[in-house]
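A quick write-up on the structure given underneath.
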Amino acid sequence: MPRQTIDEPKTPLEVFLEAHRIAFAPIMFQAARLCRDLGVLSAVERAGREGLTAEQIARETSLSVYGVRVLTEAALSLNLLRFSDEERFLLSRVGRVFLNDEMVRVNTDFTQDVCYQGLFHLEEAIREGRPAGLKVFGDWPTIYEGLSQLPEKVQKSWFAFDHYYSDRAFPDALPRVFSRKPGRLLDVGGNTGKFAVVCAQFDPDVRVTILDLPGQLEKARQHVEAAGIGHRVEGVPIDLLDAEAPFPTGFDAVWMSQFLCCFSEDEVIGILRRGAAALAPGGALYVLDTYWDRQSNPVAAYCLHASSLYFTAMANGTSRMYHSRDMIRCVEAAGLRVVEDIDNLGVAHTLFVCGPRG
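So in our numbering, spot 192 of the sequence shown is number 192, and the numbers just go up one at a time.
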């Protein structure tokens, strides 16, 4: 099984350093973000091996020398910068990744724009089983009802986070879905319609139905029409939390991508049951998601464990990034079985191909 944890610090000093990294993490996160967003790291990167003094960085960024000093000195403890004998700041390997890696940028923006303010209410969310932090943006029972009404910057970071991971799995998953030649595909929780578009482009004969909230269906409609495939894609509005709301039926494939992690286990079972009922004879239900126990390195598992807390405080207060065994139990409780189990799609996604049990 892949390793999901980072090795414990070995010396007492390392143990105390790690503990204090946690104690000051929210403060130091903001320093790191501002080093990036205010141009400090970029300025030092441009200087190359020569590095820059605090005064030079201040001129490059139009910040005060004081502001530069508090940020760059924090960046030394964050291992974003190094300090030379000539009192020049140089970009470290960690700093280069923090500044330039797309995944790190997406995760940082998501943490800042979507999660940071609301995570102050994490204890309230855990005690009450509701997304208590969502109130920083509006009065909705879950983030999904309010998604189309979130501030533009928040929406941008939310969708960038969501799409970064799903988009990289689609090319690996599509051939497996279409090896069965589905004529009709139901995209449950289709969001902005990105999967519907790639499906229609992959197979010119498939017809796709998207299930989602009305606000999301409007975004999907715009995306689908812009791609010129509106005649093969329709949207059906539904509140997926309404356990009594049936899915349309007669589909050769039912698709759920990065979707079931948005619900509690009881809700997952109910959604899977309705998905199973939507299948035509011989059809298959596909669950594409990331499971923290299926990751090949502790970095990926760390990101998923952190993402679970977003679901707790901001999204709905009841869901999380699941262990694969938990999801398999839900599949079986819904009267289905996993007939194919495929790891390492996209950014460490797993695809469960499910059919009726027995």
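Glycine is no exception: its CB is placed at the ideal position from the N, C-alpha and C atoms.
Should residue i be labelled buried (16 or more other beta-carbon atoms within 10 Å of its own) or exposed?
i	result
residue 62	exposed
residue 57	buried
residue 79	exposed
residue 179	exposed
residue 307	buried
residue 289	buried
residue 113	buried
residue 142	buried
residue 66	exposed
residue 341	exposed
residue 299	exposed
residue 297	exposed
residue 216	buried
residue 64	exposed
residue 74	buried
residue 248	exposed
residue 22	exposed
residue 120	exposed
residue 204	exposed
residue 194	buried
residue 153	exposed
Leaving out five residues before and five after residue i in sequence, what residues of the same chain have Cβ atoms less than 7 Å from its Cβ?
i	result
residue 53	87 and 88
residue 25	none
residue 94	79 and 80
residue 330	265, 268, 269 and 272
residue 284	180, 253, 353, 354 and 355
Grab me the residues of residue i's own chain with a C-beta within less than 6 Å of its C-beta, minus the 5 sequence neighbours each way, in chain order.
i	result
residue 44	52, 89 and 91
residue 140	146
residue 320	308 and 311
residue 122	313
Which residue or residues does DSSP assign as beta-bridge partners of residue i?
i	result
residue 355	337
residue 169	Paired residues: none, contrary to the question.
residue 376	Only positions 1 to 358 of the chain appear in this structure, which leaves residue 376 out of reach.
With DSSP collapsed to three states, give me the class of residue i.
i	result
residue 53	coil
residue 24	coil
residue 38	coil
residue 293	helix
residue 298	helix
residue 12	helix
Might you give, ordered along the chain, the residues of its own chain that have their beta carbon closer than 8 Å to the beta carbon of residue i, omitting 5 neighbours on each side?
i	result
residue 206	178, 182, 183, 184, 185, 199, 200 and 232
residue 31	70, 71, 74, 75 and 78
Segments assigned alpha helix (DSSP H), at least 4 residues, entirely inside the stretch 306 to 351: 324 to 333
In chain order, each beta strand (DSSP E) run of at least 3 residues that lies wholly inside the stretch 209 to 288: 233 to 237 and 251 to 257
Unbroken stretches of the alpha helix (DSSP H), 4 residues or longer, contained in the stretch 133 to 188: 143 to 146 and 152 to 178
Unbroken stretches of the beta strand (DSSP E), 3 residues or longer, contained in the stretch 48 to 133: 81 to 83 and 89 to 91
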